[in-house]
Every structure is written in structure tokens, then in C-alpha cells.
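Sequential numbering from -1 applies to the sequence shown in our numbering.
Don't be surprised by glycine CBs; every beta carbon is placed ideally from N, CA and C.
On a predicted model such as this, the values are computed, not experimentally measured, just so you know.
A short write-up of the structure that comes next.
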Amino acid sequence: MKPPFYITTPIYYVNDVPHIGHAYTTIAADVLARYHRMTGRQTFFLTGTDEHGQKVQQAAEKQGVDPQAYTDRIVTRFQDLWQRLTISNSDFIRTTETRHTTVVREILDALLEKGDLYENTYEGWYCLFDERFWTEKDVVDGNCPDCHRPVEQIKESNYFFRMGQHQDWLIKHINANPNFIRPESRRNEVLGFLQQPLGDLCISRPKSRLSWGIPLPFAKDYVTYVWFDALVNYISAIGYLADDAKFKTWWPASIHLVGKDILTTHSVYWTTMLHAMGLEMPKTIFAHGWWTVDGEKMSKSRGNVVDPNAMAQEFGVDAFRYFLLREVPFGQDGDFSKTAMIQRINSELANDVGNLLNRSLTMVERFAGGIVPPPRPSQDRDLEREIKEAVAGLKDRLDTRLGALEFHRALEEIWRIVELGNQYIERSAPWKLAKDPTKKETLENVLYTQMEILYWLALFFYPFMPTTSEAMAKQLGITIHFSDPVLATTKWGAFLPGITIAKGQPLFPRVETKPTQPEPEASTKQAAAPETPQISIEDFQKVQLKTGKVIAAEAVLKSKKLLKLQVDIGTETRQIVAGIATKYAPEDIIGKLVVIVANLKPAKLMGVESQGMVLAAGDKEVEGLLSVIESVEPGTKVK
Ligand code: MSP
């Protein structure tokens, strides 16, 4: 039995509206929490808000309201966003709650008693924004080395935590536990930082300067430094000093997820605080990278702060969740752009998965009356074996990938099944089997296999795209209790035949981009103008012609002429809209080898994107599609 899994996000400051940075960490934590629950591991997922400190006090003052009223209002923005993004947190801690403030005060008392805190006069440079002191050598031209704002000289009496005395122990602990601070590069950074003598930490602020904080229990003129207060949330929320059994169940945390900018506070302040309290260390502190937006730093002053609500509204919650974790390796910085998101949505979701799902459901409807047939002896044993092995081994591979927080790789592993599924349909060609009554059982087996693949995909997608998985299950005609340990075993053959499917709306719609060639049906005319000028061979060579196999076809709504085709051109599947509906019904051309113009700029025809053109003979009306008389692979160059 694996030990319980306890994962945390940073608690977010309530002086600001939530942005993609906040959404990123919380979605990542959600994926891990959901995954571990599905594998049967007891899981606790904590997030919350950091509500004390100067920034919040100032933000409240600006609005002329009392800080508590201000935080009560702003906290709902985070809570509402998490609901919208389907975040499955087990608890939400606010640092203004009594269950938290009491624990902070008790810890302070205990540390004072042990001699770990002392009072001293301090003179130094203070950064108002970062709410921390800097030494003379840290300050760069009168500015804070962290946020680059001017620092102020401040002399005051304060309370200090004897952090420095834990330095040697901390270095040893980091060295002895390779998974303690990750990724590797960040671990080295912290070890580098610890080569300098570690000073003590000022943990109080005089009320005369800042009143919005937890009062020190032993000195009425002071409040607690916001970081000393905030970090304690990780234990106050799980019953430290209040509910022993609960605390013992969850502590030590399995993973603290943080952004790279708050790694020092977690890996140095928090760990030494815990050590002083005599508590165990968290297993892993993982620092992820930062998002830029269209290549620029995200900031209010630049006006480019990405609102997760707007993204969810425009692209759908699950597509947004998918993109954030697929686009960039988790420890690295990455760039957010709508263009990149649209590309991934259209190619990986709409094309890869959407096609697999829609084609499979359509075929069960068309060839089996909408009822999933039973599995039968297979025609393509090799590919089926590969699929079964890929599914059966996927859970172990995800354990490894997600254990290393390689979300993008985990998704790649899942997409391998999507690819195999698409390949399987093309190779089995159910539309051909359907025409041959002697192939009835083979067809049944293919349809069953397609459904089973989709069943497993619904399961494996769930941590990343929970709403989509639920909708997929519905379309497959089944109920999956995703909160049960459904991934505890992954054995092929779990999908039951005889189920009536319920094909509904497409779950992975394409995002339509602005048309580059706003021509309606005109470009479907393949006839040349009567006086066509001669062109050079160079001109001709500009046109890239390729063979492609039509793997799906359907009519374009409200058009008598247009068919929407999915054409496999070896390296990718293209969506091509062709004016051939007067000549061909969709089922006539599925499986046919055609010739396409592969480098034609995408255009929209009747609102549907077309990424190329199929060649056909005929003047006003299409008389026949072009093909190749020998059987060649899709994607072969035509010259
Ligand atoms: N309140 C503290 C954390 C206390 S934890 C005991 C705090 N809050 S914050 O709201 O300012 O930031 C929260 C998180 O957002 C940090 O992990 C930070 O790294 C992350 N991000 C802020 N901007 C970001 C990007 N542009 N990209 C990715 N994450 C970013 O710090």
C-alpha cells in the first residue's frame, strides 16, 4: 500500500485577481490529486489564500475598506475560479481563519520557549513590496535585488528566528535526499544559495508600520511576518496541534508545488521552521517555471495579464487545462499564446482525439445499430496486441511520468494510444468490412476494440480533462465512477458489449480562426479559366502535390456541394473541404487514395476550415477524383 498522498499549492495573495500563473499550479496539483485518487491512493489536496501583510493592507486601504471585508470579497474570485476550472481540492485554507491563526500563535509561543526566537534591534534596507529586509551587499543601486523597487533604510526592534543554526543540517538533508528539491537545477540553486552564511529570519513587523497580521502572542506591538504566517498553512489545515490523527495521516506532505520565485521561502524558511518544530520534512518541493505571454513578461503595467476565466470561456475549461500542461515541461519557463493554444486544440484534440471518437461512434451507429458488438477473434493480431499492451502498460508509465511531474510526457504517453486507435481504424477499414457479409465478425471485433480504446482514453484523460471524460463516458453509454479507484487495475476487456452508445455533440470542436481566403464555394471549382497563361516549371514546382487517404468524410451543413474530408497524408491528417458532394456520398470515398495540394493556404469554406484541396477532373461539375493507379503510401509526393 502506498502512503497517503498530500499535495499543496502556494496560498495565493488576495491583493490581486487570479491569473494563469495561479491557474497553472492549481491545475497541475489537481491532475496529480485526481490521478492518485483513481489509483486508489488516499489523497488530500490543499489550496487557499494568503490574506495578511502589507500588500493586502494597502489594497484594502486603496478601496477604503477594512482588510477583512476586502479579503472576504476577493477570496471568492479564487474560489469561483477553482470551481470553474473543476479543481478538486479537499480543503481551502484562508490565513485569517481561527483554525490557522491559533496554530501560528501556538508555534510562536513554543519556539520562543525553546529559545528559537529572540528580540533584537535591526537596521537595514527594507523592501516594502517584498516585505523583507536586505543587507547592504544585496541592494543594487538603492533597489531591491528581487523586484528592483527602491528600498528604505529602517531601524527597528524586531523578533528573529534562529534560522542560521539549521544551515548545516539543511545542506546535509538536501544532499541526502535527491527528490527533496526539484527539478535538479533548482536544487543546485538552493545549494548554491546555502554556500553563503545563512542569517536569522526577522519574523515580526511593528504594528505601527503594519497592523494587518497575526499579533505576536508575546509582544502586543507586533504582528507576524507574512511568510512565517503563510507557510504554516500547510500544517494548520491538516490539524497540527488540533487533530493529531488527521495530522499524522497527512504529514509529511508528498509535494509542495511552488513557482520558482518562492522556492527560497519554501526550501529554506519553511524547512528550517519545521526542523525547529521537530517535524518531518516534506518529501518534495517542486518549483515550476513561469509563463510569459506572447514572448513578454506578464504584468499589469503591460496590460497582458491572462485571465483564466476568459480562457476557459473562449476555449473551454478542459482545452485550457490540457494546453497548460502539454505545452511546456513543468520545471521550465514557457510562453503562452492563443495561437499556440489553438494549434494544439485543433491538431491534438479536435483532429487526433475528436476524429477517433466521432468516427468510432458513427461506425457503431451505422454498422452495428448503435449497440457495441462483442469482441471476436482478431484479424490484425499484431496491431491489436500492441494496443492491448500499450493500454495495460500505460498506468505504469504514467506513474513514472507523473511521479517525475512530467505532465507533457504523461500526455504524450496517452496520445500514443490515440495514435494507435486511429491507425487501427485505418488499417482495419471497417467501412470495407461492412460491405462484406462474410466479414461480420471481424467488423464486430474492430468496433468493439474501438470502443474499448475509447473507454481507456476516457479513464486516462480524466485527471487532465475531467468534464470531457465524463461526457465521453456518456457517449459510450456507460457510467464511470471516476472518484473510485478505477485505475487500480488496468486489464483489457473491461468494456462490456451490448451497451447502447449515445453519440452526442462533438466533444473536441475545432477553434475556427479568421479566414485567410474568404472565398465561399468558389475555390471548389477545379476548372481553369479559358485563357490560362503558360507557367514555368519553377512556378509549377511551387505547388506541392501529395497522395492522401480519405479516412473520414461527412457533408458540410447547409451545403449541397461540399464534403468535409479527413485526409491522412502520412505525417498528419488534414481536414479538407471539397466541392464533390454532387458526385460522391461520404461513404463512397472513405478509404480512397486521392491527390491533394498540400501547400495551399488554409481557407474557410462555409465556415469550415480547409487545409488544402483535393484534385478532381471535370469542368463545371466534378466528374471524378484524381487517384494513383498503383497502390502507394499516403503522403507520397506527386510530381
Ligand atoms: N502568497 C505567496 C505564496 C505563499 S505560500 C505559503 C505568493 N502568492 S502569489 O499569489 O503572489 O503567487 C502565487 C504563485 O503564482 C507563485 O507560485 C508564483 O510562482 C506563481 N506565479 C506568478 N506569476 C506567474 C507566472 N507568470 N507564471 C507561472 N506562475 C507564476 O507568492
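DSSP places Q573 in the uninterrupted beta strand (DSSP E) bounded by 571 to 576. Separation of P495 and S376 (C-alpha to C-alpha, rounded to the nearest whole angstrom) is 16 Å. Cα atoms of Y460 and K393: separation of roughly 13 Å, rounded to the nearest angstrom.
Under DSSP, the beta-bridge partners assigned to A615 are G622.
DSSP places G19 within a helical segment (H, G or I) once states are collapsed to three.
Remark: the shortest separation between the CB of I260 and any heavy atom of ligand 1 falls under 7 Å. When DSSP states are grouped into helix, strand and coil, D292 belongs to the coil group. Distances from the CA of K556 to each of I549, A579, K540, Q573 were compared; the closest alpha carbon is that of A579. Within the DSSP bridge table, the entry for R103 names no partner. Secondary structure note for D48: it is in no alpha helix (DSSP H), and the uninterrupted beta strand (DSSP E) holding it is 41 to 48. Within 10 angstroms of the beta-carbon of A67 lie fewer than 16 other beta-carbons, which makes it exposed. The C-beta separation of W225 from K258 comes to about 16 Å, leaving the pair out of contact by the 8 Å criterion. Q165 sits in a helix when the DSSP states are folded into three classes.
I5 has its Cβ no nearer than 7 Å to any heavy atom of ligand 1.
Between Q539 and N597, the C-beta spacing is not below 8 Å. With a 10 Å radius around the Cβ and a threshold of 16 neighbouring Cβ atoms, M611 comes out buried.
In this structure, T23 has its beta carbon less than 7 Å from a heavy atom of ligand 1. Between the C-alpha atoms of V15 and R300 there is a straight-line separation of about 15 Å. With contact defined as three or more Cβ pairs closer than 8 Å, the region 231 to 247 and the region 140 to 149 are not in contact.
Note that the C-beta distance between R407 and R414 is not below 8 Å. Between K590 and V548, the gap from beta carbon to beta carbon is short of 8 Å.
Between L561 and A550, the gap from beta carbon to beta carbon reaches 8 Å or more.
Between the alpha carbons of V54 and H171 lies a gap of roughly 35 Å. DSSP, read as helix, strand or coil, puts S345 in helix. In the structure shown, A235 adopts coil according to DSSP, grouped into three states. Around the C-beta of V315, 16 or more other C-beta atoms lie within 10 Å, and the residue is accordingly described as buried.
The Cβ atoms of H17 and D305 sit closer than 8 Å to each other. Three or more beta-carbon pairs separated by less than 8 Å link the region 440 to 458 to the region 409 to 429, which places the two stretches in contact.
Counting every other CB atom within 10 Å of its CB across the protein chains shown gives Y33 a total of 16 or more, marking it as buried. Between P280 and A240, the C-beta spacing is not below 8 Å.
Beta-bridge partners of N118 (DSSP): N156. Judged by DSSP in its simplified three-state form, A471 adopts helix.
Residues of the same chain with a CB within less than 6 Å of the CB of P327, apart from the 5 flanking positions on each side, are H406 in chain order.
Around the beta carbon of F334, a 10 Å sphere encloses 16 or more other beta carbons of the protein chains shown; the residue is thus reported as buried. Counting only runs that start and end inside the region 248 to 279, the beta strand (DSSP E) elements of at least 3 residues fall at 253 to 257. Between the alpha carbons of N87 and T269 lies a distance of about 24 Å.
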